[in-house]
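Numbering (the working numbering), first residue to last: 1 to 411.
We put the CB at the ideal spot given by N, CA and C, even for glycine.
What you are looking at is a predicted structure, and each value in this text was computed from that prediction instead of being measured.
Heads up: the structure comes next, in structure tokens.
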């Protein structure tokens, strides 16, 4: 068989053939497992990039062991799982017969946090594919799972280069995990249309309040708007709670925005304080240095005057003249230093005041910021009831969206 391959694939074929006795066939499940130890040995021996490794395994494995004409190869973080004879068994399980633990390993490899990433990545798909202004209830019931699968498949194709059958299994695996969350997002999307008084959205939701409908002489029970506590919701109650919740959320958003703005102001004040403090320290250092220079100048003058008073009659005329000139020069320097020091003292005082004013501004702003947070928390506490009602209502809408109409016999 190996003469059918290129040089790299021939090498892969020989390696797989060498290790095939260690491959584990799971009896009764059409699964073949290449464990972590053997997978590592094969990968280390091939010394190839990840994609080349996968390509060579896909090309050569069917010639080493009998895995049927149709199969799926799942490359996990550390082991390889093969679902064999797909045509014989692809309908046995919703995940193409692949074990959930193997699929979970792939999910963890490609998603850091599935619960956060999938809703974010699916948001655009939900908006584009589920337009409740144009979508009928009949279309939603028959196609919405397919739409969700297609959206998830696009995400998985961008993240993973697994076999197509494995991608299908991953799609269904992720859909099962994110089923409630995605339908909550759809329910909120529908309710947003109701809040915005979109007639098509209202009509779509009213469909589930009918109870029974007759289609071409056949009577059908419509999925009802019943929450997890068993309460049946009317359109009037749904609309009322939805509007209350919207008003409450808008109030929270305004408060959140104000708090964020004040947080930004506090950050700016902190930066200004840091700059002001740095300026104060520089001015203080300069002031102290120049104050020391002034003291040194005064000491020089004092020393010369002491020399005059104690030894003046012993000095010759030239020396006395030179010392006199020196004193005059030092006295001028002293006056200039005093004037400069006075200006520096004034600048330092202004800088210290600016720093103090900023500290006070921070104190006042921090107090206001904290008060706004307290007010936000009070608002949340006083609106706990509407929050709970909205969440319960949401479960009712989700239940209706995920349900199917049921044919009943005519009385």
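For this session: Using 10 angstroms around the beta-carbon of residue 88, count the other beta-carbons present and answer buried if the total reaches 16, otherwise exposed.
Result: The predicted position of residue 88 is uncertain, since its pLDDT is 46 and thus under 50; no value can be drawn from it.
Problem set entry | Complete alpha helix (DSSP H) runs within the stretch 340 to 372 (minimum length 4 residues, chain order) | none
For this session: Let me know the secondary structure DSSP gives residue 408 once reduced to three states.
Result: strand
Problem set entry | Candidates 176, 121, 160 and 135: closest to residue 151 by CA position | 121
Problem set entry | DSSP three-state assignment for residue 212, whether helix, strand or coil | strand
For this session: Count the other CB atoms, across all protein chains shown, that sit within 10 Å of the CB of residue 92; report buried if there are 16 or more and exposed otherwise.
Result: Residue placement at residue 92 is flagged as unreliable, the pLDDT there being 44, under the threshold of 50; the coordinate-derived value follows with that caveat. Under this definition residue 92 is an exposed residue.
Exercise. Taking the alpha carbon of residue 71 as the point to measure from, which residue in 165, 280 and 206 has its own alpha carbon closest?
Worked result: 165
Problem set entry | First through last residue of the alpha helix (DSSP H) which encompasses residue 450 | Only positions 1 to 411 of the chain appear in this structure, which leaves residue 450 out of reach.
For this session: Work out the CA separation of residue 270 and residue 325 for me, nearest whole Å.
Result: 53 Å
Exercise. In terms of residues, what are the limits of the beta strand (DSSP E) holding residue 34?
Worked result: 31 to 34
Exercise. Going by the beta-carbon positions, is the gap between residue 40 and residue 133 smaller than 8 Å?
Worked result: no
Exercise. Just how far apart, CA to CA, sit residue 59 and residue 238?
Worked result: 57 Å
Exercise. Taking just the CA atoms, how far does residue 398 sit from residue 67?
Worked result: 42 Å
Exercise. Does the beta-carbon of residue 425 have 16 or more other beta-carbons within 10 angstroms, so that it is buried, or is it exposed?
Worked result: The chain is shown only over 1 to 411; residue 425 falls outside these bounds and no answer can be derived.
Problem set entry | Rounded straight-line distance, which links the Cα of residue 253 to that of residue 266 | 20 Å
Exercise. Considering only the beta carbon of each residue, do residue 156 and residue 167 sit closer than 8 Å?
Worked result: yes
Exercise. Touching or not, the stretch 383 to 394 and the stretch 239 to 248, by the rule of three or more beta carbon pairs under 8 Å?
Worked result: yes
For this session: Answer yes or no: do residue 355 and residue 277 have a C-beta to C-beta separation smaller than 8 Å?
Result: yes
Exercise. Based on the DSSP secondary-structure assignment, which residues constitute the bridge partners of residue 219?
Worked result: 214 and 408
Exercise. So residue 283 packs on residue 348, CB below 8 Å; how close in whole Å?
Worked result: 4 Å
For this session: With a 10 Å radius around its C-beta and 16 neighbouring C-beta atoms as the bar for buried, classify residue 408 as buried or exposed.
Result: exposed
Problem set entry | Neighbour-count burial assignment, residue 292, 16 or more Cβ in a 10 Å radius | exposed
Problem set entry | Range covered by the alpha helix (DSSP H) that runs through residue 166 | 164 to 195
Exercise. In this structure, does DSSP put residue 92 in helix, strand or coil?
Worked result: With a pLDDT of only 44 at residue 92, under the threshold of 50, the placement of this residue in the model should not be trusted, and no figure is reported.
Exercise. Thinking C-alpha only, which one of 37, 357 and 13 is nearest residue 24?
Worked result: 37
For this session: Kindly confirm or deny that the stretch 368 to 380 and the stretch 305 to 321 touch, where touching means at least three C-beta pairs closer than 8 Å.
Result: no
For this session: Please state whether DSSP places residue 65 in a helix, a strand or coil.
Result: coil
For this session: Return the Cβ separation of residue 400 and residue 224 in integer angstroms, given the expectation that the two are a contact with Cβ distance under 8 Å.
Result: 7 Å
For this session: Check whether the Cβ atoms of residue 405 and residue 244 sit closer than 8 Å, and answer yes or no.
Result: no
Problem set entry | Simplified DSSP state of residue 74, which is helix, strand or coil | strand
Exercise. Should residue 215 go down as buried or exposed, given a rule of 16 or more other Cβ atoms within 10 Å for buried?
Worked result: exposed
Problem set entry | Bounding residues of the alpha helix (DSSP H) (the contiguous stretch that carries residue 402) | 384 to 402
Exercise. Using the C-alpha atoms, what's the distance from residue 76 back to residue 105?
Worked result: 6 Å
Exercise. Which partner residues of residue 82 appear in the DSSP bridge assignment?
Worked result: 32 and 73
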